[in-house]
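Working notes, beginning with the structure itself.
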Amino acid sequence: MNLDAPLQISPVDLARDDDARAVVELLDDYSRTEFGAGAPLATDVAARLIDGLKGMPTYRGWIARLDGRPVGLVNAFIGFSTFRAAPLLNLHDVTVRAEARRRGIARRLIDRAIAEARAEGCCRVTLEVRSDNQGAATLYRQLGFGSQAPAGIDYEFLTLPLVDGAVDG
């Protein structure tokens with residue numbers, strides 16, 4: 023792969039085999055990192071992923087390619103702000119392959135997602151970031167992301183697992 027090749031960013035087309043394969047490969051690559059699950063995607067998850075995304079009409083995605091090779095991915099979903107009565111875009115996954123990092127690829131992917139969110143009439147773009155992922159947090163702040171909480175108020179992101187290890191009552 024030529025890291026000096028022009029970067030190409032395109033919307034994910036899940037009907038195209040090369041895009042579907044790239045989504046699975048890039049997400050698996052991300053899953054293996056310390057900021058992912060620290061392990062590969064489970065085989066059954068990888069097998070169900072594309073059909074699952076195809077079944078989500080709110081899915082949006084963008085792939086970055088260098089020299090034709092997929093090197094970055096944003097998976098996002100349209101949601102709805104009840105306080106604004108308007109759609110919003112949540113960036114669910116932002117990832118760049120290790121060998122292509124520090125080249126502005128994540129920034130360009132997010133810029134593209136923001137532009138598309140504006141075009142779709144979204145009132146905001148949201149994301150979450152691990153507190154120990156300072157590189158990503160710094161980038162997000164540089165792009166204008168920040169807490170919307172009133173001063174002195176902290177929000178928590180809570181999860182209730184419904185499958186795979188969920189505690190039954």
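So the sequence shown is numbered by our numbering: it starts at 23 and just counts up by one.
Beta carbons are placed, not taken as given, at the ideal position from N, Cα and C, and that holds for glycine.
>> Determine whether the beta carbon atoms of residue 84 and residue 38 lie at a separation below 8 Å.
In response: no
> Taking the alpha-carbon positions, what's the residue 41 to residue 34 distance?
Replying inline: 6 Å
>> Going by C-alpha to C-alpha distance, which of 69, 88, 116, 56 sits closest to residue 82?
In response: 116
>> Among the candidates 60, 80, 64, 148, whose CA atom is the shortest distance from the CA of residue 46?
In response: 64
> Tell me which same chain residues have a C-beta within less than 7 Å of the C-beta of residue 179, skipping the five on either side of it?
Replying inline: 150
> Looking only at DSSP bridge pairs, what is residue 212 linked to?
Replying inline: Residue numbering for the chain in the displayed model covers 23 to 191; residue 212 lies beyond these limits and cannot be assessed.
> So residue 166 is in the alpha helix (DSSP H); what residue range does that whole segment cover?
Replying inline: Run containing residue 166: none; DSSP gives neither H nor E here.
> Does the pairing of the segment 50-59 with the segment 113-131 give three or more beta-carbon distances under 8 Å?
Replying inline: yes
> Of all the options 72, 28, 57, which has the alpha carbon lying nearest to the alpha carbon of residue 43?
Replying inline: 72
> Does the segment 169-183 come close enough to the segment 126-142 to have 3 or more Cβ pairs within less than 8 Å?
Replying inline: no
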